Structure formats: structure tokens, C-alpha cells
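**Q** Below is a structure I'd like to ask you about.
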Amino acid sequence: MRSGGTIPGSGLYCGPVVDSPLELSPEKLFCIGLIGDTAVFLDRAGGGVLGIPDEHWEWVDAERFESLAPGLEAFFLERLAAPAEYARLARVDNELAEFEDWLKLLRRARLAA
């Protein structure tokens, strides 16, 4: 497995773990962030957003993934913000927004201007 990295600005690790039963690789899964201290992944093949089941305390000990949403847009819409929040994000000044990693992710997902 390739080595992982940290989530920018958080210092928390989000990447492959030696001897993990989960198929974590940059080619298959892309870590898009954390919910609490648990990594959330984008499935590059199917486009779905994956996490670990709630019964696992540590994501590195998880034996399987569960689907959190069918895609990035649905994930953000269902879990992170109400429609009014998206309208507010769309009005955020572009110069200031460059410093917000989460807003960059929303832009990549085409959910913010």
C-alpha cells in the first residue's frame, strides 16, 4: 500500500493503513475529509461516498465500508448544509474563500461558485 497523508489543517491521518482489510489506495479511493475523527472516502470507480459503520470506534480497525451517499453532491446536500447555506456560500468573496479548504472541496464538487 502507498502511504497516506494528513488532512490539510487538521493534522489527522487519512490514508492506507498497513494490514488493513479495507482496499485503501489512491487509485480506488480518495479521502475527502473527516466526520469526527473518521475518514470519509470518494469511491473513484463508482462515484459514491464511503465511510465505516458506526459500530467501529476506529476507522483503521474497520473491516468494511458502508455507503454514505451515492455521490459528492448528495453527501454535501444531505449531511453538511441546508440549501440556504449553499446560497450563502455562493456569495462568499472569492479572494477570502481561497483560504478555506472545505470551500475548495465544494468548488471541486461544483456546489459553490
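In terms of my numbering, the sequence shown opens at residue 72 and continues consecutively. From the three backbone atoms N, C-alpha and C, an ideal C-beta is built for every residue, glycine too. Computed from a predicted structure; not experimentally measured.
1. Short of 6 Å in beta carbon distance, which residues of its chain neighbour GLY142, apart from the five on each side in sequence? Order them along the chain.
2. Using only the alpha-carbon positions, how far apart do LEU100 and ASP108 sit?
3. On the premise that ILE103 lies in contact with GLY122, defined as a C-beta separation below 8 Å, what is that separation, rounded to the nearest angstrom?
4. As a quick exercise: from GLU94, GLU149 and ALA145, pick the residue whose alpha carbon is nearest that of ALA116.
5. Could you tell me which of PRO124, VAL120 and GLU137 sits nearest to GLU145, measuring between CA atoms?
**A** Let's see:
1. For the purposes of this step, residue 142 is identified with residue 71 of the sequence shown, where counting begins at 1. For GLY142, where only same-chain residues beyond five positions count, the Cβ hits under 6 Å are GLY118.
2. For the purposes of this step, residue 100 is taken as the residue at position 29 of the sequence shown. For the purposes of this step, residue 108 is taken as the residue at position 37 of the sequence shown. Distance between the alpha carbons of LEU100 and ASP108: 18 Å.
3. Counted from its first residue, the sequence shown places residue 122 at position 51. Counted from its first residue, the sequence shown places residue 103 at position 32. Contact doesn't hold; Cβ gap of about 10 Å is too wide.
4. One-based indexing of the sequence shown puts residue 116 at position 45. Ranking GLU94, GLU149 and ALA145 by Cα distance to ALA116 puts GLU94 first.
5. Numbered from its first residue, the sequence shown carries residue 145 at position 74. The sequence shown places Ala at residue 145, not Glu. Here the closest residue by C-alpha is VAL120.
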